[in-house]
Amino acid sequence: TVPVYLTYGMTETASHMALRRLNGPQASPHYQVLPGLHLSQDERGCLTVRGDVTDDQLVVTNDRIHLLDKHTFDWLGRVDFVINSGGVKVQAEKVEQVLDVALAELGQGRRAFVAGRPDERLGQAVTAYLEGPALPGNAEERLLALLRERLERYEQPRSVVYVPIFKSTASGKLDRAATVRNASQGHERRRA
19 TVPVYLTYGM TETASHMALR RLNGPQASPH YQVLPGLHLS QDERGCLTVR
69 GDVTDDQLVV TNDRIHLLDK HTFDWLGRVD FVINSGGVKV QAEKVEQVLD
119 VALAELGQGR RAFVAGRPDE RLGQAVTAYL EGPALPGNAE ERLLALLRER
169 LERYEQPRSV VYVPIFKSTA SGKLDRAATV RNASQGHERR RA
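One gets this note's numbering by counting positions in the sequence shown from 1 and adding 18 to each.
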């Protein structure tokens, strides 16, 4: 079997700095840092790295991690995508993984993401943004039922917002902030 790896890296570390084996007997849910790099976390729980490839300068990321030891970590998501809902920090990427699988299971694969929307009671409400028209028939109810089965109560989207076309950055990446700002163009359905 050919080994398959998921890599973690950034420009500041001259590309890859950690590997996670995806297959075979050495498969792991954790990233292993490459030799010559030293990891730590800042007060936000974000990865910091120092080593020869950083000219021994401390590089601070916006990636939240769970540091298992000085060579091993789990990537949790971007700190700028954390939703503070009722005092609970919800990592959007975790909810998005479940959302993507549920949409695919319903035959409704499309671009989607999760973000916080202002909420008087919670501060921010977890909100699912789906690109394109509203889901047909009872697909939205089935989607929300799947999410209720698979997510903790505080992680479950409180509403679904449909946006005709998501905004993109100049480099072609999803521009979450611009999409949320322009979401009034979409059709929103709130869960009761």
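For every residue, glycine included, the Cβ atom is placed at its ideal position computed from N, Cα and C.
Residues bridged to residue i (per DSSP)
{"i": "G27", "result": "H34"}
{"i": "Q142", "result": "P136"}
{"i": "R96", "result": "D81"}
{"i": "E149", "result": "V181"}
{"i": "V106", "result": "S103"}
{"i": "L117", "result": "None, per the DSSP bridge assignment."}
{"i": "L192", "result": "S186"}
{"i": "A130", "result": "L148"}
Proximity of residue i and residue j at Cβ, strictly below 9 Å
{"i": "K112", "j": "L85", "result": "no"}
{"i": "R194", "j": "A133", "result": "yes"}
{"i": "L140", "j": "S189", "result": "no"}
{"i": "E30", "j": "V97", "result": "no"}
{"i": "D92", "j": "Y49", "result": "yes"}
{"i": "L121", "j": "L161", "result": "yes"}
{"i": "L37", "j": "L52", "result": "yes"}
{"i": "R168", "j": "V100", "result": "no"}
{"i": "A130", "j": "E158", "result": "no"}
{"i": "V119", "j": "Y147", "result": "no"}
{"i": "T72", "j": "L57", "result": "no"}
Assigned exposure category for residue i - 16 Cβ within 10 Å defines buried
{"i": "Q75", "result": "exposed"}
{"i": "Q44", "result": "exposed"}
{"i": "A210", "result": "In this prediction, A210 scores a pLDDT of 33, lower than 50, which makes its location untrustworthy; no coordinate-derived value is stated."}
{"i": "G69", "result": "buried"}
{"i": "I183", "result": "exposed"}
{"i": "T187", "result": "exposed"}
{"i": "V20", "result": "exposed"}
{"i": "V67", "result": "buried"}
{"i": "P154", "result": "exposed"}
{"i": "A32", "result": "exposed"}
{"i": "K107", "result": "exposed"}
{"i": "G125", "result": "exposed"}
{"i": "A257", "result": "The question about residue 257 has no answer here: the residues shown for the chain are numbered 19 through 210."}
{"i": "G201", "result": "Looking at the sequence itself, residue 201 is Ala, so the reference to Gly does not match. Classification for A201: buried."}
{"i": "L40", "result": "exposed"}
{"i": "T145", "result": "buried"}
{"i": "T79", "result": "buried"}
{"i": "P136", "result": "exposed"}
{"i": "T25", "result": "exposed"}
{"i": "R208", "result": "With a pLDDT of 48 at R208, under the threshold of 50, the modelled position of this residue cannot be trusted, and the question is left open."}
{"i": "E170", "result": "exposed"}
{"i": "E138", "result": "exposed"}
Residue i beta carbon near the ligand ADP (any heavy atom closer than 8 Å)
{"i": "F91", "result": "Among the ligands in the structure shown, none appear at all, so the ligand ADP cannot be discussed."}
Cβ separation of residue i and residue j, assumed to be a contact under 8 Å, to the nearest whole Å
{"i": "R176", "j": "A143", "result": "4 Å"}
{"i": "M35", "j": "G42", "result": "The Cβ separation is near 22 Å, so there is no contact."}
{"i": "E123", "j": "L165", "result": "About 11 Å; that fails the 8 Å criterion."}
query = Residue ranges of each beta strand (DSSP E) run of no fewer than 3 residues wholly in the segment 32–92, ordered along the chain?
reply = 33–39, 49–51, 55–59, 64–69 and 77–87
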